[in-house]
């Protein structure tokens with residue numbers, strides 16, 4: 079089989095959470111360019127409408143689903159909407175996430191709960207729902223979790239204990255689920271981005287951005303293009319023998 083055919087996503091349906099902007103929208107663009115029909119979720123319909131317009135200009139068939147994934151009772155209905163509009167989900171990209179900054183000894187209960195409910199709980203409940211409905215017993219699928227290098231190491235100048243903990247959970251969630259669901263022909267892998275400019279990272283980068291660039295072997299932050307190729311690879315048949323991996327995309331920061 080040609081590499082072009084292995085990388086093609088024609089006929090596939092991809093669901094990307096947090097897909098209205100930032101890294102999620104970048105991955106939606108990439109998967110759509112390779113032929114996937116794309117569903118994106120976010121809380122704000124206005125942001126989803128803008129993302130839909132951008133994607134449709136690129137020739138991507140798009141479904142938008144507004145909702146708060148941290149409210150687990152809404153998840154089955156969100157999956158229903160995607161399946162009804164586009165068909166069964168073949169590719170799930172768990173990208174939605176949040177953070178909260180405070181010293182650990184002063185960390186508020188509400189901050190901890192907010193981060194864990196979206197970054198860990200919602201990821202599990204959505205993954206379980208999609209797998210039950212669309213993957214297990216239906217020919218398998220591809221699951222791509224968005225973790226972070228914050229889940230691979232401590233420190234990094236950030237006082238974000240809940241975020242770091244949640245992304246560490248995603249790292250081992252990825253390994254454990256890959257081992258359990260491999261027999262169903264479901265691959266489970268994680269992207270571990272380093273420092274990418276985004277709405278969520280703006281405050282951190284204002285404080286540590288120059289130091290980060292100085293410690294990064296490639297000498298730069300992540301760009302709008304730097305997750306696209308790997309997302310396509312892990313979503314495609316070219317990666318059918320790759321599972322349980324947590325891949326850093328950080329310009330070498332985590333190994334410097």
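In the numbering used here, the protein residues as written are 79 to 334.
Where a beta carbon is used, it is the ideal one built from N, C-alpha and C, also for glycine.
In this text the structure is predicted, and so the values were computed from the model without any measurement.
Residue i and residue j closer than 7 Å at C-beta
i: residue 157; j: residue 211; result: yes
i: residue 91; j: residue 168; result: yes
i: residue 117; j: residue 170; result: no
i: residue 219; j: residue 153; result: no
i: residue 95; j: residue 197; result: no
i: residue 105; j: residue 317; result: no
i: residue 295; j: residue 272; result: no
i: residue 334; j: residue 293; result: yes
i: residue 252; j: residue 324; result: yes
i: residue 326; j: residue 270; result: yes
i: residue 205; j: residue 193; result: no
i: residue 143; j: residue 122; result: no
When the options are compared against residue i, the one with the closest alpha-carbon
i: residue 133; options: 253, 202 and 110; result: 110
i: residue 112; options: 87, 309 and 272; result: 87
i: residue 229; options: 102, 268 and 174; result: 268
i: residue 200; options: 102, 180 and 151; result: 151
i: residue 221; options: 239, 254, 195 and 227; result: 254
i: residue 84; options: 190, 322, 315 and 320; result: 315
i: residue 213; options: 259, 192, 184 and 232; result: 259
i: residue 119; options: 188, 191 and 98; result: 98
i: residue 275; options: 242, 311, 328 and 243; result: 328
i: residue 166; options: 208, 322, 202 and 232; result: 208
i: residue 190; options: 243, 146, 216 and 159; result: 243
i: residue 226; options: 311, 332, 215 and 186; result: 332
Neighbour-count burial assignment, residue i, 16 or more Cβ in a 10 Å radius
i: residue 149; result: exposed
i: residue 81; result: exposed
i: residue 130; result: buried
i: residue 107; result: buried
i: residue 306; result: buried
i: residue 298; result: exposed
i: residue 257; result: exposed
i: residue 114; result: buried
i: residue 182; result: exposed
i: residue 232; result: exposed
i: residue 102; result: buried
Start-to-end residues for the beta strand (DSSP E) that takes in residue i
i: residue 150; result: No beta strand (DSSP E) contains residue 150, which DSSP labels as neither H nor E.
i: residue 121; result: No beta strand (DSSP E) holds residue 121; DSSP gives it neither H nor E.
i: residue 220; result: 219-224
i: residue 335; result: Residue 335 lies beyond the residue range present for the chain, which begins at 79 and ends at 334; the question has no answer from this structure.
i: residue 143; result: 140-144
i: residue 91; result: 91-94
i: residue 170; result: 169-172
i: residue 324; result: 324-327
First through last residue of the alpha helix (DSSP H) which encompasses residue i
i: residue 205; result: 201-208
i: residue 243; result: 239-259
i: residue 193; result: 187-194
i: residue 310; result: 306-313
i: residue 109; result: 100-111
i: residue 84; result: 81-85
beta-carbon residue i near the ligand NAD non-hydrogen atom, thresh 6 Å
i: residue 200; result: With respect to the ligand NAD, the structure offers nothing, as it holds no ligand at all.
How about the stretch 301-320 and the stretch 230-249: do they share at least three Cβ pairs that are nearer than 8 Å?
-> no
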